[in-house]
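Colleague: All letters in the sequence shown, in the order written, are residues -22 to -1, 1 to 243 by mature numbering (1 follows the signal peptide of the UniProt record, and there is no 0).
In this text, a Cβ means the ideal position worked out from N, Cα and C, and glycines have one as well.
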Amino acid sequence: MNLFKLSLLQALLLAVSGGVIATYSSSSSSDNNVWIAPGPTDVRSPCPGLNTLANHGYLPRSGKNISVPMIAEAMLDGFNIVSEALTQAAKFGLLSSFALATMDLDALKLHSLIEHDASLSRGDFALGDNLHFNETIFSSLLNSNPGVDYYNATSAGHVMHDRLAISLATNPNTTNTPKEFAFRTRESSLYLAVMGNPLTGVAPKQFVEIFFREERLPIAEGWKRSNTSITDEALGAIDNIIMANSNWTFTQMCEDLVLGPGLTV
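(1) Note down the Cα distance separating leucine 109 from threonine 206, rounded to an integer number of angstroms.
(2) Spatial neighbours of aspartate 11 within its chain, please: C-beta separation below 6 Å, excluding the five flanking residues on both sides.
(3) I need the boundaries of the beta strand (DSSP E) containing glycine 238, first residue and last residue.
(4) From the DSSP secondary-structure annotation, give me the bridge partner or partners of valine 180.
(5) Go ahead and pull the three-state DSSP assignment for methionine 81.
(6) Whose C-beta lies closer than 7 Å to the C-beta of asparagine 112 among residues of the same chain, with five residues either side of it excluded?
(7) Out of curiosity, what's the CA-to-CA distance linking methionine 231 and lysine 157?
(8) Please confirm whether threonine 163 and aspartate 95 have their CB atoms less than 8 Å apart.
(9) What are the residues that DSSP puts in a beta bridge with glutamate 93?
(10) Tell me whether the segment 17 to 35 and the segment 184 to 197 touch, counting them as touching only if at least three CB pairs, one residue from each stretch, are closer than 8 Å.
(11) Checking the sheet assignment: what are the DSSP bridge partners for leucine 241?
(12) Rounded C-beta distance between leucine 88 and proline 239? I'm assuming under 8 Å.
(13) Do three or more CB pairs link the segment 72 to 86 to the segment 137 to 150 at distances below 8 Å?
(14) So, do the segment 173 to 184 and the segment 114 to 130 have three or more beta carbon pairs nearer to each other than 8 Å?
(15) Among Asn130, Thr19 and Ala171, which one has its Cα closest to the Cα of residue 267?
(16) Among the residues of its own chain, which have a CB less than 6 Å from the CB of residue 305, if the five just before and after it don't count?
Here you go:
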């Protein structure tokens, strides 16, 4: 389970919105937490969840100088994810920065720290852009679980299988170790729990698609922050179903250990 905790930051879970100026609000969102697209000097990560929290003001809208306590508070306030489910992962993310106690969101693109190949919405590092949202890559998730209006843990496992198969077929440098599998599994359980029901792992497709494409809480469409705390135990139950349906096999048992920018052993 420790590997899954390390994966949480990456699962939280996406891209710069190209300077679109718009806001979204509702009676359930405070004036401080309306959605505002990032400005030209703001930075965002490969992670849709962190980007969403910044776009809604739960994290600094600049995306810069973010500490572990800031992340813990934002996850609780925005998503109802309790700190025990994320603290280790947030601390791990600090390795992306030269600063002692803070990080900038765009630094999280550092390959193989938390960022990984076979993403649900980003390109592989070896193939180019591993930071920004990629609609073609996202189509694997978008088109999954046909015939119904929701995604679930079973469909999430199938998407993980498909995304890895594509990565292995197109990227000869794909990294696919147990660490990546843990990261990818927890990312999937997170989008289901945050956008849907954390006890069942069922999430409306509309909410998930807005979360990834716009990095916005779909409040106007009816989404509400879960009344049930999202704990490591709850996520682990969803993880188990995803893993059982991913038909995963490793292609490497280990990889280089990334300890920071320019520091790999």
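Modeller: By the coordinates alone:
(1) Cα-Cα distance, rounded: 31 Å.
(2) Note that residue 11 corresponds to asparagine in the displayed sequence, not to aspartate. The answer, listed in chain order, is His34 and Gly35.
(3) Residues 236 to 238.
(4) Asn175, per the DSSP bridge assignment.
(5) DSSP places methionine 81 within a strand segment (E or B) once states are collapsed to three.
(6) Hits under 7 Å: Ser99, Arg100 and Gly101.
(7) Take the alpha-carbon of methionine 231 and the one of lysine 157: they are about 9 Å apart.
(8) Contact flag unset, no.
(9) His89, per the DSSP bridge assignment.
(10) Touching, yes, given that three or more Cβ pairs across the two stretches are closer than 8 Å.
(11) Answer by DSSP bridge pairing, in chain order: Gly238.
(12) Between proline 239 and leucine 88 the Cβ distance is about 6 Å, and since that is below 8 Å, they are a contact.
(13) With contact defined as three or more Cβ pairs closer than 8 Å, the segment 72 to 86 and the segment 137 to 150 are not in contact.
(14) Contact between the segment 173 to 184 and the segment 114 to 130 is present, with at least three C-beta pairs closer than 8 Å.
(15) No answer is possible for residue 267: the residues shown for the chain start at -22 and end at 243.
(16) This structure leaves residue 305 out entirely; the chain is present only between -22 and 243.
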